[in-house]
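The structure appears right after this line, and notes come after that.
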Amino acid sequence: MNEITNYDSIAKQFTETTYEDMSEIDKYKMVEIGQKILSEDNTLNVYLLYKYDDCRKQLFEMIAKSALHFTEITPTEQKIKSLINSLNKHFDNLVKEIIKNTDVNTLSKFLDLIRFNESIPEDKRQGLLRELVMTGIFDDSNKFAEKGGD
1 MNEITNYDSI
11 AKQFTETTYE
21 DMSEIDKYKM
31 VEIGQKILSE
41 DNTLNVYLLY
51 KYDDCRKQLF
61 EMIAKSALHF
71 TEITPTEQKI
81 KSLINSLNKH
91 FDNLVKEIIK
101 NTDVNTLSKF
111 LDLIRFNESI
121 PEDKRQGLLR
131 ELVMTGIFDD
141 SNKFAEKGGD
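Here it is in structure tokens:
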């Protein structure tokens with residue numbers, strides 16, 4: 001539970017940060033993250049970007065502004081929106097890839113186990129399903145159990 005609380009506080013802190021607060025090093029890091037998103041790098045923590053929608057929106061705006069800053073292109077609203085749209089498109093592709101790689105049978109078995117768990121209200125189960133898929137733990141390409149893992 002501490003990790004969830006920690007991510008919540010990190011997300012809150014990030015949303016309170018403005019582009020103007022960022023150092024040149026931070027802006028460079030934004031460009032690196034942007035490059036990973038545009039190349040649909042599956043090493044990114046897509047789950048956290050998915051879970052914290054406000055952070056993702058702000059991150060994409062900061063990435064766009066940083067990219068324009070380093071290319072010395074005047075950051076017009078249209079150019080920023082265009083870059084954000086491109087980041088969103090590639091992020092959506094990452095999400096689709098995670099969903100495509102989900103081992104539905106294993107996920108279904110897991111959901112059957114929690115179906116009658118009274119500690120999870122009925123209305124929370126759909127959200128739980130989305131979050132579990134987005135974590136990638138049911139990624140069919142891992143085939144952990146088939147490899148003889150513990």
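Quick note on UniProt numbering: the sequence shown kicks off at 1 and runs consecutively. Just so you know, even glycine gets a beta-carbon here, dropped at the ideal spot from N, CA and C. This one's a predicted model, so the numbers in the text were calculated from it and none came from an experiment.
- Secondary structure note for D21: it is in no alpha helix (DSSP H), with a DSSP letter that is neither H nor E.
- Exclusion of the five residues before and after L94 leaves E40, V46 as the residues of its chain whose Cβ lies within less than 6 Å of its Cβ.
- Excluding sequence positions up to five before and after I84, its CB lies within less than 7 Å of the CB of F60, E61, A64, all in the same chain and listed in chain order.
- Secondary structure note for G127: its alpha helix (DSSP H) is the uninterrupted segment 122 to 135.
- DSSP, read as helix, strand or coil, puts T71 in helix.
- Between the C-alpha atoms of G34 and K124 there is a straight-line separation of about 32 Å.
- Under the three-state reduction of DSSP, T102 is assigned to strand.
- Across the set I25, T135, D140, the C-alpha of T135 shows the shortest separation from the C-alpha of K51.
- Beta-bridge partners of D139 (DSSP): T102.
- If the five residues before and after S66 are omitted, its C-beta is found closer than 6 Å to the C-beta atoms of K27, M30, V31, all from its own chain and listed in chain order.
- Considering only K12, E24, D53, V133, the residue with the shortest C-alpha distance to E97 is V133.
- Distance between E77 and E131, taken at the CA atoms: about 33 Å.
- A Cβ-Cβ separation of about 5 Å places I37 in contact with H90 under the 8 Å criterion.
- Comparing alpha-carbon positions, the option among D54, S108, Q58, A11 lying closest to D139 turns out to be S108.
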